[in-house]
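Q: Heads up, the sequence shown is in the numbering used here, so the first residue is 238 and it goes up one at a time.
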Amino acid sequence: LCTFSSSLTVGSWTLLMVARTALHVPTLVVSAGLLSSCLAQHKQSIFLTEHFTNLNSEMGATHRTNVCGIQRDIEAGTKVMKTALQGLQIAVSLPVVTEPGFMNWESASPFVIDAENPGLMGRVMDELAERAGFSYRDSFHVFPGPPEGWTYTEALAALVEQIDITAEYWIHLPERLALGITFPEGFYDTSLQIVGVQKSSDTGFDVLSWKMPFTDPVWGLIVAAMLFSSGVFWILERLEEDGDLGESETHSHSLSVSLFLTTASFTGGGGYTPRTSAGRLFTISWTFTCLLLTAAYTANLASFLVVSKTPSFEVRSMHEANDAQVPVCVYKGTAEEVMARETFATANYKPMNQLDMFQSLHSMAAGGPGCTVAVTTWDSWKAYQRNEQVNGNCTLEAIGGRFRISQAGVA
C-alpha cells in the first residue's frame, strides 16, 4: 500500500499539516484525493548531522519517515493531528549559511546547532518539535546550497524526495507546486525589493544657510519693504507732536528709531507703539505682513530641511531601472531571479551570489564596475541592513516600495 511517488510528497505534507495543527494555526484545504493516498516510503537510514555535498549521489536514497499508518489512523479518527507525531524522529534539512540570524551554528565540524541562539529557523523547528512531540536534532541534514549548475528549485525537488521537511524559506512558486512540492503557510516576507547606494551629499556648515528658504530677489523685496515701512511710520508719527516719533527728537535719530522698530517687528523682538490713528492703522497692516512672511519662512525652512535629508538615488523604482537599462544585480538561480524576470523581463540583470550583489553596489558607487541596484527580498534586506560586512557605512537603502508580493516557508 505504501508506494513511492517522485511527483507527489504527501508524506511530507502530512508531517507539515500535523506540525501546523500542533501550533494551533489554521490548516490548509487539501483535496480528498491527496489525503486518501499514502505515498511515503520507509526510512532507509538515519543520518546524523550529515552534510550533503552532491545531491546526485544521494538520489537513490531516502530518509523520509513512514507516516502511512499515521495517515490511516487520522482518517479513521483514532488519532488527532495535534499529537500524531509524538515520539517520532523527523528528518529535517537545515541551511548552512543564509541571512544573519536565520540559522546559527555552534560548530561546523560536526554541525551543532547553537544551543542558546539557534536563529529564527532553529527556534521555529524547536518550537514545532516541542509542541508536536517529535525530535529532529539528531536527524538533520545540512544543506549548503544547490550543486554547481543546479537551480534552487531543482535542489528543492531533490531534497523533498529524500527528507521530511526542508527548513528553509522556500518561495511558493507555481513551478514548484507543479512538481508536487507542498508548502504550509509562509512566515518569511520574500516580496521583491530593490536596494541601492544613496548618493553622498554635502553636509558642511554654511553661514548663509538661514536665507535658503527665500530666494535672493525675495530677500531684496523684504528689505525694500522694511525701508519703505520705516519711512511711512516715521512720517505718520511725526504728524503730531506727541507721536511715537515726535518733534522732540532730531530727524536722523527718529528715522533710525523707526528703522529699528520696523526690523524688530519683523523678527518678533519688538514693535511700534503708535500714538496716532494713522500710525495704528499702518501698524496693523505691517504686523500682518510680518505674520505672513514669518509663516512662509518657517514653512519653507521645514520643507527645505526635509528635502535635504531625503536620500538621493540614480533610479527611484524598478520601473525606472528597467526603462534606463541600468545594471541590476539578482541572486543567481533563486526564486528571486525567477520572479524578477517574470515581472520585468527586459531588465538588465546581472546574476550573482547574494553577498556579491551588495559588494557590486558599493563598487559602482565608488566609480568601478558593478550594479546600480540589486533585487532582494524584504526580510533578507532587513537582515542585512545592519550587517557590518554588507552595510557598514550605512549607505545602502531600500528604494521605493516592494514591487512583487510573495511569502516563503518550509517545504
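We treat Cβ as the ideally placed atom computed from N, Cα and C, and that holds for glycine. Every value quoted in this text rests on a predicted model; they were computed, and no experiment measured them.
Measuring alpha carbon to alpha carbon, tell me which of W471, V610, P411 ends up nearest A515.
A: Locating residue 515 in the sequence shown gives position 278, where the first residue counts as 1. If we check each option's Cα against that of A515, W471 comes out closest.
Q: Excluding the five sequence neighbours on either side, which residues of its own chain have a C-beta within less than 6 Å of the C-beta of L538, listed in chain order?
A: As a working note, residue 538 is residue 301 in the sequence shown. Contacts found: P450.
Q: Could you tell me which residues DSSP pairs with D375 in its beta bridges?
A: Numbered from 1 along the sequence shown, position 138 holds the residue referred to as residue 375. Paired residue(s): none; D375 is not in a bridge.
Q: Which residues in the same chain have their Cβ closer than 6 Å to the Cβ of F424, if we skip the five residues on either side of it in sequence?
A: Taking the sequence shown and counting its residues from 1, one reaches residue 424 at position 187. G646, listed in sequence order.
Q: Of all the alpha helix (DSSP H) runs that stay within the bounds of the segment 355-415, which reach a length of 4 or more residues?
A: Runs found: 356-369, 389-396, 411-415.
Q: Is it the case that the Cβ atoms of M358 and M340 are separated by a distance below 8 Å?
A: Here residue 358 corresponds to residue number 121 of the sequence shown, with the count starting at 1. Here residue 340 corresponds to residue number 103 of the sequence shown, with the count starting at 1. Going by C-beta atoms, M358 is nearer than 8 Å to M340.
Q: State the Cα-Cα distance for the pair S421 and T571, rounded to the nearest angstrom.
A: As a first step, residue 421 must be located in the sequence shown, where it is residue number 184. As a first step, residue 571 must be located in the sequence shown, where it is residue number 334. Rather than Ser, the amino acid found at residue 421 in this sequence is Pro. If you take the alpha carbons of P421 and T571, they lie about 20 Å apart.
Q: Based on DSSP bridge pairs, tell me the residues matched to M589.
A: Taking the sequence shown and counting its residues from 1, the one referred to as residue 589 is at position 352. Paired residue(s): Y568.
Q: Decide yes or no for the touch test of the segment 375-387 against the segment 407-414: beta carbon pairs closer than 8 Å, at least 3 of them.
A: Touching, no, given that fewer than three Cβ pairs across the two stretches are closer than 8 Å.
Q: State the start and end residues of the unbroken beta strand (DSSP E) segment that holds W662.
A: Since the displayed the chain opens at 238 and closes at 648, residue 662 lies outside it and no answer follows.
Q: From what residue to what residue does the alpha helix (DSSP H) around W456 run?
A: Mapped onto the sequence shown, residue 456 falls at position 219. Start and end: 453-474.
Q: I'd like to know whether the C-beta atoms of A577 and V612 end up nearer to each other than 8 Å.
A: As a working mapping, residue 577 is identified with position 340 in the sequence shown. As a working mapping, residue 612 is identified with position 375 in the sequence shown. Yes, the Cβ-Cβ distance between A577 and V612 is below 8 Å.
Q: Going by DSSP in three states, V434 sits in which element: helix, strand or coil?
A: In the sequence shown, counting from the first residue as 1, residue 434 sits at position 197. If DSSP states are grouped into helix, strand and coil, V434 belongs with the strands.
Q: Where DSSP assigns a beta bridge to G646, which residues make up the other side?
A: Taking the first residue of the sequence shown as 1, we reach residue 646 at position 409. According to DSSP, which records beta bridges pairwise, G646 is partnered with W407.
Q: On the three-pair Cβ rule with 8 Å, is the segment 499-509 touching the segment 522-538?
A: Touching, per the Cβ criterion.
Q: So which of I350, D426, G433, R553 has the shortest CA-CA distance to T632?
A: Position 395 of the sequence shown holds residue 632. Per the Cα distances, G433.
Q: Going straight from the alpha carbon of L325 to that of E367, what length do you get?
A: Here residue 325 is taken as the residue at index 88 of the sequence shown, counted from 1. Here residue 367 is taken as the residue at index 130 of the sequence shown, counted from 1. Near 12 Å, if we compare the C-alpha coordinates of E367 and L325.
Q: Mark E405 as exposed unless 16 or more other C-beta atoms lie within 10 angstroms of its C-beta, in which case mark it buried.
A: In the sequence shown, counting from the first residue as 1, residue 405 sits at position 168. By the 10 Å Cβ count, E405 comes out buried.
Q: Identify, in the order they occur along the chain, each residue of the same chain with its Cβ nearer than 7 Å to the Cβ of R553, setting aside the five sequence neighbours on each side.
A: Counting from 1 along the sequence shown, the entry for residue 553 is found at position 316. Counting only Cβ-Cβ distances below 7 Å, and skipping sequence neighbours, we find I636, G637.
Q: Where do the N-terminal and C-terminal ends of the alpha helix (DSSP H) with V627 fall, by residue?
A: Taking the sequence shown and counting its residues from 1, one reaches residue 627 at position 390. 625-628 is the span of the alpha helix (DSSP H), which, as asked, contains V627.
Q: Spatial neighbours of K448 within its chain, please: C-beta separation below 7 Å, excluding the five flanking residues on both sides.
A: As a working mapping, residue 448 is identified with position 211 in the sequence shown. So the qualifying residues of the chain are W456.
Q: Going by the beta-carbon positions, is the gap between D351 and E364 smaller than 8 Å?
A: As a working note, residue 351 is residue 114 in the sequence shown. As a working note, residue 364 is residue 127 in the sequence shown. Result no, Cβ atoms of D351 and E364 do not sit closer than 8 Å.
Q: Is the beta carbon of S491 less than 8 Å from the beta carbon of R475?
A: What you label residue 491 is simply residue 254 of the sequence shown in a count that begins at 1. What you label residue 475 is simply residue 238 of the sequence shown in a count that begins at 1. Yes, the Cβ-Cβ distance between S491 and R475 is below 8 Å.
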